[in-house]
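Notes follow the structure.
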Amino acid sequence: MSLFQSVSSKRYLVEFNAGKCIVEGNLVKPDLRKGKIFMDQPEDQLLHLYWKERSPQANIEDDIIIFPGEATFNKVSQCTTGRVYLLKFNNSNEKHFYWMQNKSDGKDQEYANSVNELIGDSEDDINMSAELDENTSHAEIMRLLSGVENQGNNNTPACCVLLIHFNRS
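Per our numbering, residue 1416 is the first one in the sequence shown, and the count goes up by one each step.
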């Protein structure tokens, strides 16, 4: 046993320094607190995007569940005075603005790509949705579900994938 206990740090799917933005009418202003965005897939097996202040005792302020293909995370090109990114949902008006807080912008696009890769459609989900319509039989749905459940490291429950695709039409 060691005299010094090591503190295990949690590894997330993606993690980077970013502040929140405040929307006031048509104006987007930075919240000046130091923060971070991180994504994880906890016990509920759903993909969460979290935001919290960087202080050790800070609580999570944003806990956003994102289903595959439901949103995008892109740089706001109209913002010329900072590095602002928008988490925009495809089927609603829900929008969340964040600003990158690392001194260098060298990894901004890498972080955005990582977020988009995590929230994007997987090829298998797209293929399954093409096979579903309102006339799909119960037996055919069960066959498709059994295929989704056996896709290796895909942690999305099959029933969620099915519900997502029925709601997209």
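Don't be surprised by glycine CBs; every beta carbon is placed ideally from N, CA and C.
Small disclaimer: the values here were computed from a predicted structure and weren't measured.
What is the DSSP secondary structure of residue i, reduced to helix, strand or coil?
i: E1525; result: helix
i: E1458; result: coil
i: N1517; result: coil
i: R1448; result: coil
i: R1426; result: coil
For the beta strand (DSSP E) containing residue i, name the first residue and the last one.
i: P1445; result: 1442–1445
i: K1435; result: 1429–1439
Suppose the cutoff is 6 Å on Cβ atoms and the five residues either side in sequence are ignored; what does the same chain contact list for residue i look like?
i: F1453; result: Y1427, E1430, Y1465
i: H1511; result: L1502
i: K1444; result: I1437
i: I1475; result: Y1465, K1467
i: L1361; result: Past the boundaries of the shown model lies residue 1361; the chain is included only from 1416 to 1584, so the question cannot be answered.
i: K1425; result: none
i: G1497; result: W1514
Tell me the rounded alpha-carbon separation between residue i and residue j.
i: D1520; j: N1432; result: 11 Å
i: D1523; j: S1470; result: 22 Å
i: E1525; j: G1440; result: 30 Å
i: D1459; j: K1451; result: 22 Å
i: R1448; j: K1435; result: 8 Å
i: L1533; j: D1455; result: 10 Å
i: K1518; j: G1484; result: 31 Å
i: F1488; j: A1473; result: 24 Å
i: I1592; j: Y1513; result: This structure cannot settle anything about residue 1592, because the visible part of the chain is limited to 1416 through 1584.
i: M1515; j: N1528; result: 14 Å
i: G1535; j: D1478; result: 18 Å
i: Y1500; j: A1486; result: 13 Å
i: V1491; j: E1509; result: 15 Å
i: H1463; j: Q1493; result: 27 Å
Give a single yes or no on whether residue i has its beta carbon closer than 6 Å to a heavy atom of the ligand HEM.
i: G1434; result: Because no ligand of any kind appears in the structure shown, any question about the ligand HEM cannot be addressed here.
Can you list, in chain order, the stretches of the beta strand (DSSP E) that have 3 or more residues and sit fully within the region 1463–1512? 1463–1468, 1475–1480, 1486–1490, 1499–1504
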